[in-house]
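The number in my numbering is simply the position in the sequence shown, starting from 1, with 24 added. Worksheet: the structure to be examined is printed underneath.
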Amino acid sequence: MVVSLESLKANWAEILALAEKYGASNIRIFGSVARGEAQADSDVDFLIDLEPGRSLLDHIGFKQELEDLLGRSVDVAESVTLHDLIRDQVLRDAIAL
Numbered sequence: 025m026v027v028s029l030e031s032l033k034a035n036w037a038e039i040l041a042l043a044e045k046y047g048a049s050n051i052r053i054f055g056s057v058a059r060g061e062a063q064a065d066s067d068v069d070f071l072i073d074l075e076p077g078r079s080l081l082d083h084i085g086f087k088q089e090l091e092d093l094l095g096r097s098v099d100v101a102e103s104v105t106l107h108d109l110i111r112d113q114v115l116r117d118a119i120a121l
């Protein structure tokens with residue numbers, strides 16, 4: 025099954041609950057799903073802001089629980105750690121659900 029913004033919106037309440045649990049906010053989708061170019065084997069790219077004081081364990085926990093929820097590979101990037109070479113493209117693609 026191809027992931028779309030609409031299918032992610034169907035899980036939005038669960039995604040927000042996980043975000044709250046792990047201190048993530050400003051949840052956005054970028055990459056192939058945001059551009060409408062996702063394939064059946066595409067991962068889902070999330071862009072987040074993490075609360076101050078949260079750790080790598082929160083980042084990893086959020087990622088793992090998203091993968092369990094969505095049944096597919098997920099990448100989670102923090103907006104403050106985006107590399108300069110990709111920052112503009114990621115921010116241009118990013119869509120808040």
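For every residue, glycine included, the Cβ atom is placed at its ideal position computed from N, Cα and C.
Handout entry: Proximity below 8 Å, CB of Leu93 to CB of Glu38
Key = yes
Problem - Residues near Val114 in its chain [Cβ-Cβ closer than 6 Å; skip 5 each side] - result: Phe54, Leu106
Problem - Rounded straight-line distance, which links the Cα of Ala34 to that of Leu109 - result: 32 Å
Exercise for the section: Given a cut-off of 8 Å, decide if Trp36 and Leu121 are closer than it, judged by their beta-carbon atoms. Expected result: A contact, by the Cβ cut-off of 8 Å.
Practice task
Starting from Ala41, follow its DSSP beta bridges and name the residues at the other end.
Solution key: Paired residue(s): none; Ala41 is not in a bridge.
Practice task
For Val26, name the three-state secondary structure that DSSP assigns.
Solution key: coil
Exercise for the section: With a threshold of 16 other CB atoms inside 10 Å of the CB of Val104, please say whether the residue is buried or exposed. Expected result: exposed
Practice task
Pick out the complete alpha helix (DSSP H) segments inside the stretch 45-92, 4 residues or longer, and give them in chain order.
Solution key: 56-59
Exercise for the section: Quickly, what does DSSP pair Val114 with across the bridge? List them, please. Expected result: The bridge partners DSSP lists for Val114 come to none.
Problem - Distance between beta carbons of Ala43 and Asp117, contact taken as under 8 Å - result: Actually they are not in contact, since the Cβ atoms of Asp117 and Ala43 sit about 19 Å apart, beyond 8 Å.
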